[in-house]
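Some notes on the structure that comes next.
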Amino acid sequence: MKERVVRIGDPVPLIGVMVQPKALDKNKPAVLLLNSGVMHHVGACGLSVRLARSFAETGFLSVRFDFSGIGDSEPRAGSASFEELAPKECMEVMDYVQKKTGINKFILYGLCSGSDAAYEAALVDERVVGVGQIDAYCYKTLKFYLYDYWPKLFKLKHWKSFIGRKLGLKPESQQAHSGQIDESEREYYEMPTYIRVFPPKASIENGLETLMKRGVRFLTVFTGAESAYSYKNQFFESFRRVIDKSLYDIEYYKNASHIIQEPNNQEIVVARFKDWVSSF
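Residue numbers for the sequence shown follow our numbering, so the first one is 503 and each next one is one higher.
Here is the structure:
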């Protein structure tokens with residue numbers, strides 16, 4: 503495979519890394535790997551680098567790039583929000599790849615806010631044929647509360663925490679850590695300046711219906727760190743009216759952290775996305 507830095511757009515370019523397989527097949531979609539919050543294009547714990555290289559091993563070109571104002575990409579003039587800019591900049595990168603390689607189909611991948619950007623870009627550009635996500639938008643069901651709260655009823659530490667909150671006592675973990683992140687781990691966390699807001703469920707349902715009708719395929723992974731998600735089929739049950747299960751794959755890795763920092767979980771996630779991308 504070949505890896506090279508690319509500069510996309512003028513006068514303020516988006517900076518990224520194109521990973522090209524040994525033999526380029528223009529009939530295969532290219533994969534764009536998006537930022538998570540304000541995290542650099544290497545991805546959380548280097549996950550985007552590993553994914554991009556794994557895709558190249560199976561013959562898929564990819565570009566992991568920074569949106570304007572993030573990582574290596576300088577800010578661009580204007581007052582548009584990230585939610586407005588991200589889909590446009592995804593389209594800009596798709597235009598670049600199509601012009602340089604002739605590839606006209608794309609898979610978009612993102613974690614957390616990156617998954618949101620991938621979804622939004624898919625809605626406005628029909629070249630998108632697949633969306634890969636980690637901890638995407640999700641909404642609670644009645645069953646969520648059963649899976650989430652029932653096990654806690656039998657754990658003493660949850661009762662201690664509940665009673666402590668009622669008495670106004672500070673938990674020991676907060677006393678010890680005071681919410682501080684170890685400096686060696688800081689680079690793996692999204693900056694607190696980014697606030698993620700879920701749209702109304704009806705809005706996402708309408709968007710998913712549009713994408714299902716277009717035949718866009720999804721692989722969405724949820725982790726145990728997503729507090730609003732507690733069992734594998736929760737997403738399907740939230741959107742049962744519009745989801746086509748032949749197009750939509752869900753995985754739930756309960757023991758994985760939000761940024762997939764555990765080596766064993768990284769192996770699992772990379773292998774799962776590699777297999778999914780290879781099916782296009």
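By construction, the Cβ of each residue, glycine as well, lies at the ideal position given by its N, Cα and C atoms.
When you compare the CB positions of residue i and residue j, do they come within less than 8 Å of one another, or not?
{"i": "V521", "j": "S550", "result": "no"}
{"i": "H543", "j": "G573", "result": "yes"}
{"i": "C640", "j": "A730", "result": "yes"}
{"i": "V507", "j": "V519", "result": "yes"}
{"i": "L613", "j": "S538", "result": "yes"}
{"i": "L553", "j": "V744", "result": "no"}
{"i": "F562", "j": "A588", "result": "no"}
{"i": "E576", "j": "V514", "result": "yes"}
{"i": "I517", "j": "F557", "result": "no"}
{"i": "Q635", "j": "T722", "result": "yes"}
{"i": "L536", "j": "A638", "result": "no"}
Which same chain residues end up closer than 6 Å to residue i when comparing Cβ atoms and leaving out the 5 residues on each side of it in sequence?
{"i": "L746", "result": "In the sequence under discussion, the amino acid at residue 746 is Asp, which differs from the Leu named in the question. So the qualifying residues of the chain are M714."}
{"i": "P531", "result": "K607, F608, I609, V631 and F782"}
{"i": "Y826", "result": "Outside the displayed span of the chain (503 to 782) sits residue 826, for which this structure offers no information."}
{"i": "G709", "result": "L625"}
Only counting the same chain, and skipping five residues up and downstream in sequence, which positions put a Cβ closer than 7 Å to that of residue i?
{"i": "V630", "result": "F608, L610, A623, A624 and V718"}
{"i": "Y750", "result": "F720"}
{"i": "K524", "result": "M503"}
{"i": "Y690", "result": "Because the pLDDT at Y690 is just 45, under 50, the model does not fix this residue reliably, and the value given afterwards should be weighed accordingly. Excluding sequence neighbours, Y690 sits near A546, C547, I761 and Q763."}
For residue i, count neighbouring Cβ atoms within 10 angstroms of its own Cβ and tell me buried if that reaches 16, exposed if not.
{"i": "S628", "result": "This sequence places Glu at residue 628; Ser is not what is there. Its Cβ having fewer than 16 others within 10 Å, E628 is exposed."}
{"i": "S615", "result": "buried"}
{"i": "V599", "result": "buried"}
{"i": "N529", "result": "exposed"}
{"i": "P701", "result": "exposed"}
{"i": "T712", "result": "exposed"}
{"i": "V633", "result": "buried"}
{"i": "G545", "result": "buried"}
{"i": "N766", "result": "exposed"}
{"i": "S583", "result": "exposed"}
{"i": "D618", "result": "buried"}
{"i": "V779", "result": "buried"}
Spatial neighbours of residue i within its chain, please: CB distance less than 8 Å, with the 5 preceding and 5 following residues excluded, ordered by chain position.
{"i": "V595", "result": "I510, L516, G518, L534, V565 and F567"}
Three-pair Cβ contact test at 8 Å for the stretch 725 to 734 versus the stretch 753 to 767: Segments in contact, yes.
Contained beta strand (DSSP E) runs [length at least 3] in the stretch 719 to 746, N- to C-terminal order: Counting only runs of 3 or more, we get 719 to 725.
The stretch 636 to 648 in contact with the stretch 731 to 741 per 3-pair CB rule at 8 Å: They touch, by the three-pair rule.
Contiguous beta strand (DSSP E) assignments of at least 3 residues, all confined to the stretch 503 to 578: The qualifying runs are 504 to 510, 516 to 522, 532 to 535 and 564 to 567.
Within the stretch 574 to 628, ranges of the beta strand (DSSP E) (whole runs, at least 3 residues): The stretch 574 to 628 contains these whole beta strand (DSSP E) runs: 608 to 613.
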